[in-house]
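Under numbering that gives the first Met the number 0, think of the first position of the sequence shown as 0, with each following residue one higher.
Note that the Cβ used here is the ideal one computed from N, Cα and C, for glycine as well.
On a predicted model such as this, the values are computed, not experimentally measured, just so you know.
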Amino acid sequence: MIRQNRHHDQKLSWQVFKPDDYVYVYFPLRKVRRSTQEDRVVAFHGHKNVLSNFFPAELKVNGETHGSAEHAFQLTKALRNGDINAAERIRAATTALDAKRIGDTVKSSSTWDTEKVDIMSNIIEAKFSQVEPFREKIKKCGSKHVIVEATYDDFWGSGLNEEATLKTKPKAWPGSNTLGKVITAVAKKHCKKSRPNRSFSVPRQPARKASKNTQQEITAFVSQLMDGPAKRSYDDLRTDDDSPHSDSE
0 MIRQNRHHDQ
10 KLSWQVFKPD
20 DYVYVYFPLR
30 KVRRSTQEDR
40 VVAFHGHKNV
50 LSNFFPAELK
60 VNGETHGSAE
70 HAFQLTKALR
80 NGDINAAERI
90 RAATTALDAK
100 RIGDTVKSSS
110 TWDTEKVDIM
120 SNIIEAKFSQ
130 VEPFREKIKK
140 CGSKHVIVEA
150 TYDDFWGSGL
160 NEEATLKTKP
170 KAWPGSNTLG
180 KVITAVAKKH
190 CKKSRPNRSF
200 SVPRQPARKA
210 SKNTQQEITA
220 FVSQLMDGPA
230 KRSYDDLRTD
240 DDSPHSDSE
């Protein structure tokens, strides 16, 4: 087999390829990057991150306007445990960190310990509906992402700082990450509602029965085919030589 061999720096030449010749073709392979622990985990902490309760955002909860989700939580804690003095100080706190420090001085009851997660869920629900940056952020987090508060808090956070949180598997975190789980639950609840339903079904239509007229038309058509030009008989197709009354007899 003869094939044309073209080279940019040489004249046109011809080369004969034998059947035993091998032609090697190299295709560049696309390098596929595997997802890592850092890709799947969305860690947050501090007042600059919108996922954090410390993020400054006007929030209305239980009829009061708060400077952040942390303000709302700590004020509810003080009021539920009957510490009016701490409640007033939390209302006057200028930052979420100040509100938390005051709330940490409140002596909590066993009742508070059982209801604080539900209270946090209500606050996060309010933040989702009232704070647009927060709402848009958690909508971008897919179902494969793990949202985690990277703080040393063993109950609300991962129990580790951000760097250690990202390098450690979620099952190995010393903290429960309760806040991250609450945010994830709220995100799944609302994103499921907003996701359009693309499934649809076409109703099955019953098979149409042939009408009387249709059957009659088919019968008439078949009859016309049968009653067409008659075929020539076998005798008509014979030649004189083939005739049983030929001269040879």
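Cβ-based burial, residue i [other Cβ within 10 Å; buried from 16]
i	result
V31	The predicted model places V31 with a pLDDT of 49, which falls under 50 and marks its position as unreliable, so this point remains unresolved.
R88	buried
F220	exposed
E148	buried
A56	buried
T164	buried
F133	buried
T238	The predicted position of T238 is uncertain, since its pLDDT is 48 and thus under 50; no value can be drawn from it.
For residue j and residue i, believed in contact at Cβ under 8 Å, the rounded distance
i	j	result
H70	A98	5 Å
H189	R39	Wrong, their Cβ atoms sit about 21 Å apart, outside the cutoff.
C-beta atoms of residue i and residue j nearer than 9 Å
i	j	result
I122	L50	no
F53	A85	no
H44	T183	no
A186	F127	yes
G179	L159	no
G62	A92	no
Sequence-distant residues of the same chain with beta carbon closer than 7 Å to residue i, five excluded per side
i	result
T129	Looking at the sequence itself, residue 129 is Gln, so the reference to Thr does not match. Cβ within range, chain order: L58 and K59.
F199	With a pLDDT of 48 at F199, under the threshold of 50, the predicted position of this residue should be treated as unreliable, though the coordinate-derived value follows. Nothing meets the Cβ criterion.
Q73	I89, A98, K99, I101 and G102
N176	V147, E148, G156 and S157
E124	V185
E161	A42, H44 and A149
C140	V41, I146 and A186
N48	F54
H259	Since the first residue shown for the chain is 0 and the last is 248, residue 259 is missing from the structure and cannot be characterised.
Own chain, CB closer than 8 Å to residue i, minus 5 neighbours either side, in chain order
i	result
T64	E57 and L58
E114	R79
S120	V181, A184 and V185
Cutoff 6 Å; reference residue i; Cβ partners in own chain excluding five residues on either side
i	result
K76	G102 and V105
I118	T75
K166	none
F154	S175 and T177
Any non-hydrogen atom of the ligand ADP closer than 8 Å to residue i Cβ
i	result
H189	Absent from the structure shown: the ligand ADP. Ligands present: none.
Inset, instruction - Answer yes if the stretch 103 to 116 comes into contact with the stretch 77 to 84, meaning at least three C-beta pairs across the two stretches below 8 Å, and no otherwise. - result: Touching, yes, given that three or more Cβ pairs across the two stretches are closer than 8 Å.
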